Amino acid sequence: MTQAFLSIRGIRKVYGPVTAVENVTMDIGEGEFMTFLGPSGSGKSTTLYILAGFQDPSDGDILLRGKSILATPSHKRSIGMVFQRYTLFPHLSVGENVAFPLRIRRRPQTEIAERVKAALKLVRLEGFEDRKPALLSGGQQQRVALARALVYNPPVLLMDEPLSALDKKLREEIQFEIRRIHQETGVTILYVTHDQEEALRLSDRIAVFSQGEIDQIGTGPELYANPTTRFVAGFIGDSNFIDADVVASSAGKAQLSLPGGVVVDGVPLHGKVAKGRASLLLRPERIELEAGTLVGQLTGTVRDITFLGNNIHVMVEPSGIAPISVRLPFGHSALSGLSPGTKVSMSFNPADSHAFC
Amino acid sequence: MLLDFDKLGVLRGFLVGLTMLVCLFLILPIVFIAALSFGSSQWLIFPPPSWTFKWYEELFADSRWFYSALTSLKIAAIVTVFSVIIGFLAALGLNRGRFLGRDILRALFLTPMILPVVVLAVALYAVFLRLGLAGTTFAFVIAHLLIALPFSIISIGNALEGFDRSIEDAAILCGANPWEARLRVTVPAISHGIFGAAVFSFLASWDEVVLAIFMASPTLQTLPVKIWSTLRQDLTPVIAAASTLLIAFTILLMVLAALFRKGKKS
Amino acid sequence: MAMTATAEGMRRKRAFVGARGGSFGYLLPALVLVVIFFIVPVLMLLMRSVLEPEPGLQNYKALLGSTTYLRIFLNTFLVAGVVTIISIVIGYPVAWLLAIMPEKWSRLVLAIIILSMWTNLLTRTYAWMVLLQRTGVINKTLMGLGLIDQPLPLVNNLVGVTIGMTYIMLPFVILPLMGVIRAIDPAILRAAALCGATSMQCFTRVLLPLSLPGIAAGALMVFVMSLGYFVTPALLGGTSNMMLAELVAQFVQSLVNWGMGGAAAFVLLVVTLTLYAVQLRYFNPNKAR
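Chains as they are written, first to last, in the numbering used here: chain R, 773 to 1129; chain Y, 1214 to 1479; chain G, -3 to 285.
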């Protein structure tokens, strides 16, 4: 087995009675863009800080190119990091900020000047050497921080929600820049965010964190199409959840009984036990609507129809369960017969849905 | 309406009048002393019969005044250096520490500042007598350091509160070891706090009277001690001359501080 | 796991000296200084007060039993109380005005106050020694205006001490009170006026209560400072009107009676600490339980 470039093994961090992180394990390839995705408090930042060396894990190990880095202090790990808050040194110019890591390493002045110039060019801030950080916008400051983190060619770049302080448009611009820089430099990136759209846009693979543990690791499409936990299903993409009962199950697929007597067969089942109550995931864009009440299908009344540009959102209220969101592309044939109050039937392909116990 | 300056009505006149009186009350004695230092009356009669520089001449001619000023300067300088260094370390520990009793320790460090100085003076005097250190520069510096340190800790502590620690972390990740990061990044970023610590420590020592009285010896006197012992004997205008010089020094410091603050803002 | 041992070992090493500056070791120099040269000496002084000349509480009995000494305690508390009251009464209106006046003027007034505070204590006390003497300006002016026939004895007594101390304590009342009043939203007072309250009522029912924490804090600070003050009372009070701090000094320096000196110092210390504790308990909003 070839050794992974960066290997995180069984990391655990405990603060007194609180377990912040438990059993975090993954192998990351060289040049990969891995995102830690999860809500606040899920342990993703803690894991990142352990990687940076600002926290020591209670248990577990981290191997870079096969060698443990836990015993190495932060300033010797040669890891780059961009923080959530702006961390440019306020008393130094942009150029001196970027030059800082090279000065610490006592590189000759000519080399420093050259590499600073190249780094600023990479983040598209050529000519900014003499500016003071206080005069830069938030987006520019983060780009300088990025240049500073990359100027000494670290093997790994850590990014802790670097864009959360910026407004949406600027965020998208810089996400694009980050992707471009990743492709140009080939550096291995570990990125932390709570924004699933950002994760999907930037990453090769995503590790979804929930309450200190990793629920699932996979590419965006994998997580979307085949979530293995209810949390992942709900966190990535839009979702509807219906409470159902497991009637029978075999080979990872279940037969479910839905409210209203509807029975669905062949739904992929996830979870430790294969019986009892389950949560059925239905993606809004995988539901077909037909006017009228058809036997054997989930039925409800149209509550609301909203035009959202490229898709239409239909809110359907089945009796006895929570409203279900349905998304239909603009111009879909089913829409012509629909208006608030219409009775409709919902159908879906069981293989496209998932049930979680 | 009571907190709107324009709407106070009659009350405003009263407040303004009182404030003006208080300002006069506060400043007249100082002006008065400065004027008297140029007056020729030995018994400080005001208005003086004539004006003269002789008290200043007497002041400068007496080498003991000069040496006491020099001693004040020397001790204040030593105290400032140690106060800033020890205060910086303590402020760091207090600002970032997560250990039990941190708040108690912070209160402990600030205590010499809020307790009656005479208690500390007497206690220290006793200890130094026993150790044979009474009247030494070492004892003097220690005594002043105890009351200068709280100012240092407060000033640097406040600056550290406003400083984002992630900046220091970023420097560490750039490859600087923790102390390198602190000296090259944190210290410049909180320079106003360190400067304030230095200024307050210096003034605390320079102006200090009670501890100085107890720590002094016939050969080791700071300027306040010299003034005090002279005052105990008589009210000679030479003191007025020394005082006026001190006032001028204070005004100079205030102007410098104001300019420094303006310079920082622009 | 072998890796865990390394992680654990590193963590323990860093916990003490602290790679990120957050730990106990950084406090050591200051702690050593404060313990060896503050806590220990004060404790030793306390010891001496109960051990010299013989073990027992005679020193305290003598201190608190004798009329002479009791009079000194009384004088000290009296002066401190009067100074506090006068400082608050005069200082409050000034702080009030400072809090609301246009910045141009407030800066000037503040400069005057700060200049007064930064001027050497001895200089300021000396000024009053000169001003208040029999042939000084104050008496001369009053006589010149025909208000008095004989010069008033204003120095070498408690009157002089009170005047001098008030002069020194005023800024300590004005500055914090200014901050407190500034923090009160003027809209609250406007609302009170709109509700129909007269100026007097606005003051007694709204402004005063809201600024009470500042008054209490300032008053306590001035009272405590005045209790322990040495220089000004010694110079302006003369030898027959001693206050507590000077009593301590006299025991130690002139009489070389460490037992009594220690006892007096300790009484002063206990009173001060008690007052601070009272303030923390009742007046400090931060520590509200």
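A virtual CB, placed ideally from N, CA and C, is assigned to each residue, including glycine. If you're wondering where the values come from, they're calculated on a predicted model, not measured in any experiment.
Option in R:Phe808, R:Val793 and R:Ala792 with minimal Cα separation from Thr991 (chain R): Reading the first sequence from its first residue, position 219 is the one you call residue 991 (chain R). Ranking R:Phe808, R:Val793 and R:Ala792 by CA distance to the CA of Thr991 (chain R) puts R:Phe808 first.
Does any CB atom of chain Y fall closer than 8 angstroms to the CB of Ile851 (chain R)? Within the first sequence, numbered from 1, the residue matching residue 851 (chain R) stands at position 79. Yes, Ile851 (chain R) lies at the interface with chain Y (some Cβ there is under 8 angstroms from its Cβ).
Is it true that the CB of Ile1093 (chain R) sits closer than 8 angstroms to the CB of Val1086 (chain R)? Here residue 1086 (chain R) corresponds to residue number 314 of the first sequence, with the count starting at 1. Here residue 1093 (chain R) corresponds to residue number 321 of the first sequence, with the count starting at 1. Taking the C-beta atoms as reference points, Ile1093 (chain R) is found no nearer than 8 angstroms to Val1086 (chain R).
Gln988 (chain R) by DSSP, collapsed to three states: which one? Residue mapping note: residue 988 (chain R) aligns to position 216 of the first sequence, counting from 1. Three-state DSSP puts Gln988 (chain R) in a strand.
Does the Cβ of Pro229 (chain G) have 16 or more other Cβ atoms within 10 Å, making it buried, or fewer, making it exposed? Indexing the third sequence from 1 puts residue 229 (chain G) at position 233. By the 10 Å Cβ count, Pro229 (chain G) comes out buried.
Short of 7 angstroms in beta carbon distance, which residues of its chain neighbour Leu42 (chain G), apart from the five on each side in sequence? Order them along the chain. Within the third sequence, numbered from 1, the residue matching residue 42 (chain G) stands at position 46. The residues are Gly258 and Phe262.
Closer than 8 angstroms between beta carbons: that is the criterion. Which residues of the stretch 141 to 154 of chain G meet it against chain Y? none
Chain R contact for Asn1371 (chain Y) (CB, 8 angstroms cutoff): Within the second sequence, the letter at position 158 stands for residue 1371 (chain Y). It does not: the Cβ of Asn1371 (chain Y) has no partner Cβ on chain R nearer than 8 angstroms.
Chain Y within 8 angstroms of Tyr787 (chain R), Cβ atoms only: Taking the first sequence and counting its residues from 1, the one referred to as residue 787 (chain R) is at position 15. Not one chain Y Cβ lies under 8 angstroms of Tyr787 (chain R).
Kindly indicate which three-state DSSP category Phe1218 (chain Y) falls into: helix, strand or coil? Position 5 of the second sequence holds residue 1218 (chain Y). Of the three classes helix, strand and coil, the one that applies to Phe1218 (chain Y) here is helix, per DSSP.
When you compare only the Cα positions, how much space is there between Lys904 (chain R) and Ser1125 (chain R)? Taking the first residue of the first sequence as position 1, residue 904 (chain R) is located at position 132. Taking the first residue of the first sequence as position 1, residue 1125 (chain R) is located at position 353. So the two alpha carbons sit approximately 54 angstroms from each other.
Let me know the secondary structure DSSP gives Ser1029 (chain R) once reduced to three states. Here residue 1029 (chain R) corresponds to residue number 257 of the first sequence, with the count starting at 1. Here Ser1029 (chain R) sits in strand by DSSP.
Which value, in whole angstroms, describes the spacing of the CA atoms of Leu1333 (chain Y) and Phe33 (chain G)? Taking the second sequence and counting its residues from 1, one reaches residue 1333 (chain Y) at position 120. Taking the third sequence and counting its residues from 1, one reaches residue 33 (chain G) at position 37. C-alpha separation (whole angstroms): 9 angstroms.
Taking the C-alpha atoms as reference points, what is the distance between Asn116 (chain G) and Val267 (chain G)? Mapped onto the third sequence, residue 116 (chain G) falls at position 120. Mapped onto the third sequence, residue 267 (chain G) falls at position 271. Going from the Cα of Asn116 (chain G) to the Cα of Val267 (chain G) covers about 27 angstroms.
At the level of alpha carbons, what is the spacing between Met(-3) (chain G) and Gly1006 (chain R)? Residue numbering aside, residue -3 (chain G) sits at position 1 when the third sequence is read from its first letter. Residue numbering aside, residue 1006 (chain R) sits at position 234 when the first sequence is read from its first letter. With a pLDDT of 42 at Met(-3) (chain G), under the threshold of 50, the modelled position of that residue is not reliable, and no figure is offered here.
Determine, for Leu66 (chain G), whether the minimum Cβ-Cβ distance to residues of chain Y falls below 8 angstroms. Mapped onto the third sequence, residue 66 (chain G) falls at position 70. No - not a single Cβ of chain Y is within 8 angstroms of the one on Leu66 (chain G).
Using CA coordinates, which residue listed in Y:Phe1415, Y:Pro1260 and Y:Leu1362 is at the minimum distance from Val30 (chain G)? Along the third sequence, one-based indexing puts residue 30 (chain G) at 34. The shortest C-alpha separation from Val30 (chain G) is found at Y:Leu1362.
Which class does Val13 (chain G) belong to by DSSP, given the choice of helix, strand or coil? Within the third sequence, numbered from 1, the residue matching residue 13 (chain G) stands at position 17. At Val13 (chain G) the pLDDT is 46, less than 50, meaning the model places this residue with poor confidence and gives no usable figure here.
So the beta strand (DSSP E) Ala1304 (chain Y) belongs to, where does it begin and stop? Counting from 1 along the second sequence, the entry for residue 1304 (chain Y) is found at position 91. Not the beta strand (DSSP E): Ala1304 (chain Y) falls in the alpha helix (DSSP H), residues Ser1276 to Arg1309.
Please go through the stretch 826 to 898 of chain R and give each complete beta strand (DSSP E) segment of 3 or more residues, from N-terminal end onward. 831 to 836 and 852 to 854
What is the rounded straight-line gap between the Cα of Asn253 (chain G) and the Cα of Gln1446 (chain Y)? The residue labelled residue 253 (chain G) in the question sits at position 257 within the third sequence. The residue labelled residue 1446 (chain Y) in the question sits at position 233 within the second sequence. Their backbone Cα atoms lie some 24 angstroms apart in a straight line.
Check whether the Cβ of Ile978 (chain R) sits closer than 7 angstroms to any heavy atom of the ligand NAP, and report yes or no. Because no ligand of any kind appears in the structure shown, any question about the ligand NAP cannot be addressed here.
Can you confirm whether Ile1407 (chain Y), when its beta carbon is compared against all beta carbons of chain R, has any partner nearer than 8 angstroms? As a working note, residue 1407 (chain Y) is residue 194 in the second sequence. By this cut-off, Ile1407 (chain Y) is not an interface position.
Report the residue from G:Gly175, G:Arg201 and G:Phe247 whose alpha carbon sits nearest the alpha carbon of Leu185 (chain G). Translated into the one-based positions of the third sequence, residue 185 (chain G) becomes position 189. Answer by Cα proximity: G:Arg201.
In terms of residue numbering, what span does the beta strand (DSSP E) encompassing Arg781 (chain R) cover? Taking the first residue of the first sequence as 1, we reach residue 781 (chain R) at position 9. Taken as a continuous stretch (DSSP letters only), the beta strand (DSSP E) holding Arg781 (chain R) covers Leu778 to Tyr787.
7 angstroms Cβ shell around Val248 (chain G) - same chain, five flanking residues per side excluded: For the purposes of this step, residue 248 (chain G) is identified with residue 252 of the third sequence, where counting begins at 1. These residues qualify, in order along the chain: Trp254 and Gly257.
For Ala284 (chain G), which residues of its own chain have a beta-carbon under 7 angstroms away from its beta-carbon, when the five flanking residues on both sides are left out? Residue mapping note: residue 284 (chain G) aligns to position 288 of the third sequence, counting from 1. Caution applies to Ala284 (chain G), whose pLDDT of 42 falls short of 50 and renders its modelled position unreliable; the value that the coordinates give is listed next. The answer is none, since no qualifying residue turns up.
Where does the unbroken alpha helix (DSSP H) through Gly87 (chain G) begin, and where does it stop? Locating residue 87 (chain G) in the third sequence gives position 91, counting from the first residue. Its alpha helix (DSSP H) spans residues Thr63 to Ile96.
Pull up the CB-CB distance for Pro89 (chain G) and Leu1231 (chain Y), whole angstroms please, since I reckon it's below 8 angstroms. Here residue 89 (chain G) is taken as the residue at index 93 of the third sequence, counted from 1. Here residue 1231 (chain Y) is taken as the residue at index 18 of the second sequence, counted from 1. With 8 angstroms as the limit, Pro89 (chain G) and Leu1231 (chain Y) qualify as a contact, their Cβ atoms being about 5 angstroms apart.
Quick check on the DSSP output: the beta strand (DSSP E) that includes Asn795 (chain R) runs from which residue to which? Here residue 795 (chain R) corresponds to residue number 23 of the first sequence, with the count starting at 1. Note, Asn795 (chain R): beta strand (DSSP E), Val790 to Ile800.
The alpha helix (DSSP H) enclosing Pro229 (chain G), as first and last residue numbers: The sequence position of residue 229 (chain G) within the third sequence is 233, counting from 1. Counting along the chain, the alpha helix (DSSP H) containing Pro229 (chain G) begins and ends at Val227 to Gly233.
Glu50 (chain G) versus Leu118 (chain G) - alpha carbon distance: Residue mapping note: residue 50 (chain G) aligns to position 54 of the third sequence, counting from 1. Residue mapping note: residue 118 (chain G) aligns to position 122 of the third sequence, counting from 1. In a straight line, the C-alpha of Glu50 (chain G) is about 38 angstroms away from that of Leu118 (chain G).
In chain order, what residues of the stretch 106 to 119 of chain G put their CB closer than 8 angstroms to some CB of chain Y? Ala107, Ile108, Ile109, Ile110, Leu111, Ser112, Trp114, Thr115, Asn116, Leu117, Leu118 and Thr119
Residue-level contact to chain R via CB, Cys1387 (chain Y), 8 angstroms cutoff: Stepping through the second sequence from its first residue, residue 1387 (chain Y) is reached at position 174. Yes, contact with chain R.
Around the Cβ of Tyr22 (chain G), are there at least 16 other Cβ atoms within 10 angstroms (buried) or fewer (exposed)? For the purposes of this step, residue 22 (chain G) is taken as residue 26 along the third sequence, with counting starting at 1. The residue is buried, with at least 16 neighbouring Cβ atoms inside 10 Å.
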